[in-house]
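Numbering (this note's numbering), first residue to last: 1 to 270.
The C-beta atom is built at its ideal place from N, Cα and C for all residues, glycine as well.
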């Protein structure tokens, strides 16, 4: 009886472990197609890493806040509709060009600086390859590889000079030129999004003027702020309501300040 029990105990199959979920499925799949989810995630990561998301957020926000503040300051000073249109359009144009130029110069300088640093890494690899090889092995070992595996991997990487340089720059120095983005893309993105944001509070003044146009500017800006804040919050994995209200409070505070200044110092314009 005991032998039978021991035999049954030893021959009982182990409990089946649930299969591990692939990484691209584990990270919030949005559709029934895992490959599509992985591609979408990769695209979003690339957009953030290359600065496209930052340029879009800054562009829309700056355009919206800048122009609604200017327009309401002029409205508070009782400026005519034609003056508001002229000032608002000038602000839109100047802001677009300023944002585009700033983004282009910023990204271009960053690319040039990292290119120079990559050249220094190249010289270090050429001057002291053993030091770099040992450092790379230690880095791989610190990330969880066994010592022998880390040394073998580093040695195999060193067989291809360009691949070894690229991996060393990324792993040891955090230099990844592929993630710096394009100066032209950053400039055009900022220009387009700033124009879109700045146009929202300006649109009513092309059709009407006075208090009605100011009220419509406020309403359209409030709606745009809520939508924009909610969308950005969702992409950041925050509640949409939180992002929408935060954006609205910031815009309203800035607009109210400039409107009050306009009322305080303004005079009626015929």
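Where residue i falls: helix, strand or coil (DSSP)
| i | result |
| --- | --- |
| residue 67 | helix |
| residue 246 | helix |
| residue 129 | helix |
| residue 190 | helix |
| residue 88 | helix |
| residue 181 | coil |
| residue 82 | helix |
| residue 239 | coil |
| residue 25 | Any reading at residue 25 needs caution, since the residue's pLDDT is 36, under 50, leaving its predicted position unreliable; the model's value is listed next. Reduced to three states, the DSSP call for residue 25 is helix. |
| residue 14 | Because residue 14 carries a pLDDT of 44, less than 50, the predicted location of this residue cannot be relied on, and no value is offered for it. |
| residue 42 | Confidence at residue 42 is low in this model, with a pLDDT of 49, below 50, so its placement is unreliable and the value that follows should be read with caution. Note: residue 42 maps to helix in three-state DSSP. |
| residue 291 | In the structure displayed, the chain extends from 1 to 270; residue 291 sits before or after that span and is not available. |
| residue 109 | helix |
Contact belief for residue i with residue j at Cβ below 8 Å, rounded distance in angstroms
| i | j | result |
| --- | --- | --- |
| residue 225 | residue 251 | 5 Å |
| residue 107 | residue 180 | 7 Å |
Minimum C-alpha distance to residue i - residue among the options
| i | options | result |
| --- | --- | --- |
| residue 134 | 120, 156, 114 and 229 | 156 |
| residue 63 | 204, 189, 183 and 193 | 193 |
| residue 103 | 190, 247 and 258 | 190 |
| residue 162 | 202, 138 and 119 | 119 |
| residue 245 | 260, 221 and 261 | 221 |
| residue 100 | 214, 184, 178 and 237 | 184 |
| residue 265 | 90, 79 and 124 | 79 |
| residue 114 | 85, 89 and 175 | 175 |
| residue 89 | 206, 167, 228 and 239 | 206 |
| residue 227 | 87, 124, 247 and 59 | 247 |
Proximity of residue i and residue j at Cβ, strictly below 8 Å
| i | j | result |
| --- | --- | --- |
| residue 173 | residue 231 | no |
| residue 96 | residue 195 | yes |
| residue 140 | residue 126 | no |
| residue 198 | residue 67 | yes |
| residue 92 | residue 259 | no |
Enclosing alpha helix (DSSP H) for residue i [first to last residue]
| i | result |
| --- | --- |
| residue 218 | 210-235 |
| residue 167 | 161-173 |
| residue 149 | 147-157 |
Closer than 8 Å to chain C by CB, residue i
| i | result |
| --- | --- |
| residue 147 | Judged by its chain identifiers, the structure shown contains no chain C, having just a single protein chain. |
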